[in-house]
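**Student:** In this note's numbering, the protein residues as written are 177 to 434. All C-beta atoms, glycine included, are put in the ideal place defined by N, C-alpha and C. Treat the numbers as computed from the prediction; the structure is a model and nothing was measured.
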């Protein structure tokens, strides 16, 4: 399994998830279809699946165009607001892209129909790859547009946090450096935050994407996956015994942070 990040728009990521053996691929959130199609052509693979994490335009806005150019490819998603949807999915659904197994996790909050896709290759030695859309970013999380702190806490810490620590995280936006600056303000003594921020700044100076991270790494520096830590709870004046309240206050603080 080969995962190819494809920068799109101002700071979005689309992805190609390639089964090298069978020369087929899934396109994740292909908002600028031509870029994705050119990448597939360059790599000699056929796109058989179009995976949409949520209905927001900057993720699903390319669906109709790419579907018109790939009429045999199905468009997967949970939300009926997703354009060109042909394969509605739900929690615990799974399907295959060639030999790659893709599992669906329903994580409402950023939108009420947001899903994650976990791709695993039984033929390869690489760890699984999780496509998190706008639920989890490197060192951050999405805004709670259509959900609650309780839902985001479940998504990040009850779903993603329970996956193997080596699981690779491919998120929907290049927000890493800014997220880590916020994380440093939340936990100024956290060495993992300081090291990742230095690395991320170097990557961006070179024009190189910061994806992927891993679930294990996120637990070390992402404040939204550390709501059970005393240092994070105290930064927002909440008790470590109430992680949902910590999540709510942390998101509120981030929403107004500059």
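1) Would you kindly work out how many angstroms separate the C-alpha atoms of residue 375 and residue 381, rounded to a whole number?
2) Hey, residue 201 and residue 222 are a contact pair by Cβ (cut 8 Å); roughly how many whole angstroms apart?
3) When you compare the CB positions of residue 343 and residue 384, do they come within less than 7 Å of one another, or not?
4) Below 8 Å CB to CB, which residues in the same chain sit around residue 377 once its five sequence neighbours on both sides are set aside?
5) Out of curiosity, what's the CA-to-CA distance linking residue 262 and residue 250?
6) Would residue 206 and residue 190 qualify as a contact pair, given that the criterion is a beta-carbon distance under 7 Å?
7) Could you tell me the boundaries of the alpha helix (DSSP H) in which residue 242 lies?
8) With a CB to CB cut of under 6 Å and the five nearest residues on each side skipped, what residues in its chain are close to residue 379?
9) In the structure shown, what three-state DSSP assignment does residue 402 receive?
10) Using DSSP with H/G/I as helix, E/B as strand and the rest coil, what is residue 293?
11) When you compare only the Cα positions, how much space is there between residue 240 and residue 265?
12) What span of residues does the beta strand (DSSP E) with residue 284 cover, start to end?
13) Hey, could you find the ends of the beta strand (DSSP E) residue 180 is sitting in?
14) Taking the alpha carbon of residue 393 as the point to measure from, which residue in 346, 286, 243 has its own alpha carbon closest?
15) In three-state terms, what does DSSP make of residue 305?
**Tutor:** In this structure, then:
1) By one-based count along the chain shown, residue 375 stands at place 199. By one-based count along the chain shown, residue 381 stands at place 205. So the alpha carbons of these two residues sit roughly 10 Å apart.
2) In the chain shown, counting from the first residue as 1, residue 201 sits at position 25. In the chain shown, counting from the first residue as 1, residue 222 sits at position 46. Going by Cβ atoms, the distance from residue 201 to residue 222 rounds to 7 Å, so yes, they are a contact pair.
3) Walking along the chain shown from the start, residue 343 turns up at place 167. Walking along the chain shown from the start, residue 384 turns up at place 208. Going by C-beta atoms, residue 343 is not nearer than 7 Å to residue 384.
4) In the chain shown, residue 377 corresponds to position 201, counting from 1. Cβ neighbours of residue 377 beyond the five flanking positions: 353.
5) As a working mapping, residue 262 is identified with position 86 in the chain shown. As a working mapping, residue 250 is identified with position 74 in the chain shown. Those two C-alpha atoms are separated by around 6 Å.
6) The residue labelled residue 206 in the question sits at position 30 within the chain shown. The residue labelled residue 190 in the question sits at position 14 within the chain shown. Yes. Within cutoff.
7) In the chain shown, counting from the first residue as 1, residue 242 sits at position 66. 239-245 is the extent of the alpha helix (DSSP H) around residue 242.
8) The sequence position of residue 379 within the chain shown is 203, counting from 1. For residue 379, where only same-chain residues beyond five positions count, the Cβ hits under 6 Å are 386.
9) Position 226 of the chain shown, counted from the start, is the residue given in the question as residue 402. Residue state, collapsed to three classes: coil.
10) Residue 293 sits at position 117 when you count from the first residue of the chain shown. Note: residue 293 maps to strand in three-state DSSP.
11) Counted from its first residue, the chain shown places residue 240 at position 64. Counted from its first residue, the chain shown places residue 265 at position 89. For residue 240 and residue 265, the distance between alpha carbons rounds to 18 Å.
12) Position 108 of the chain shown, counting from 1, holds the residue named residue 284. Here residue 284 belongs to no beta strand (DSSP E), and DSSP marks it neither H nor E.
13) Counting from 1 along the chain shown, the entry for residue 180 is found at position 4. Unbroken beta strand (DSSP E) run through residue 180: 178-184.
14) By 1-based counting over the chain shown, the position of residue 393 is 217. Among 346, 286, 243, the Cα nearest to that of residue 393 is on 346.
15) What you label residue 305 is simply residue 129 of the chain shown in a count that begins at 1. DSSP places residue 305 in strand when its eight states are reduced to three.
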